[in-house]
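What follows is a short report on a single structure.
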Amino acid sequence: MKRIGISARLDEVQGRCEERDALDVRWATLLWSLGYLPLPLCSGVAEVTEYLEALSLDGFILSGGNDIGSAPARDRLELGVLDYSSSKRLPVLGVCRGMQFINYYCGGDLIVTQGHVNTRHSLSGHWAEENGLLAVNSFHKQSIISTTLSSSLTPLAQSADGVIEALRHRSLPWLGIMWHPEREKPIADSDLALLKNHFDGK
């Protein structure tokens with residue numbers, strides 16, 4: 008069974024003096040249904056490389072939540088994940104913030120956009136059509152467009168307003184999507200196939 012590490016949003020809990028990693032339980036259900044062992048990653052670990060080595064992971068998901076820069080401990084963890092994944096050539100799936108973080112790591116940038124929070128929209132592009140990804144959910148207020156996309160990344164799909172909704176690294180097994188597969192009910196067959204193909208190297 009492949010072991011998939013997944014990062015979580017980092018929340019400050021007022022009145023309890025706590026920082027908590029919080030992960031949608033639907034991620035565990037989704038990954039387990041595909042035959043993967045989901046392993047939530049802890050943001051507070053200082054020695055990230057040693058931590059990841061000890062977990063013996065086969066791939067990673069960078070999940071949604073937290074603007075980049077708003078949760079430094081999470082940023083440090085995910086920087087370490089991408090460093091580690093790059094050196095080991097492990098597959099990474101970036102979801103929403105996770106896709107944005109891949110672009111940030113590779114030298115790209117973000118812009119603020121309207122009309123992408125709590126809605127659905129169609130996708131265009133050969134990759135989207137080929138994979139049956141015709142309409143997806145959307146929960147983001149920051150976006151990547153052609154002028155803010157890292158040169159290390161290739162756009163795969165976009166929305167009607169030119170926002171890049173999926174991308175791939177040019178040389179590493181890293182894929183980014185802006186929608187949330189785990190929030191669909193039921194999970195779309197196209198998303199199940201996307202995850203399976205990505206982590207099984209098909």
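Just so we're aligned: the sequence shown equals residues 8 to 209 in the working numbering.
Even for Gly, the Cβ is constructed at its ideal location relative to N, Cα and C.
Pair every Cβ in the segment 160 to 168 with every Cβ in the segment 80 to 99, then say whether three or more of these pairs are closer than 8 Å. no
Using a Cβ-Cβ cut-off of 8 Å (strictly less than) and excluding sequence neighbours within five positions of leucine 46, which residues of its own chain qualify? Arg10, Ile11, Gly12, Ile13, Leu62, Leu64
Helix, strand or coil for glutamate 54 per DSSP? coil
Per DSSP, what are the beta-bridge partners of tyrosine 43 in this structure? Lys9
CB-CB under 7 Å to aspartate 28, same chain, minus the five flanking residues each way: which ones, in chain order? Ala15, Leu17, Pro47, Cys49, Ser50
Specify, as a first and last residue, the run of the beta strand (DSSP E) that glutamine 165 falls within. 160 to 165
Run of the alpha helix (DSSP H) containing valine 231, from where it starts to where it stops: As shown, the chain starts at 8 and ends at 209. That puts residue 231 outside it, with no answer to give.
Where glutamate 172 sits in the DSSP three-state scheme: strand
Is it buried or exposed, glycine 101, if we count other Cβ atoms within 10 angstroms and call 16 or more buried? buried
Own chain partners of leucine 140 with C-beta closer than 7 Å, once the 5 adjacent residues on each side are dropped: Leu130, Ala164, Ser197
Below 7 Å CB to CB, which residues in the same chain sit around cysteine 103 once its five sequence neighbours on both sides are set aside? Gly71, Phe146, His147, Met185, His187
In DSSP terms, what tryptophan 181 is bridged to: Val99
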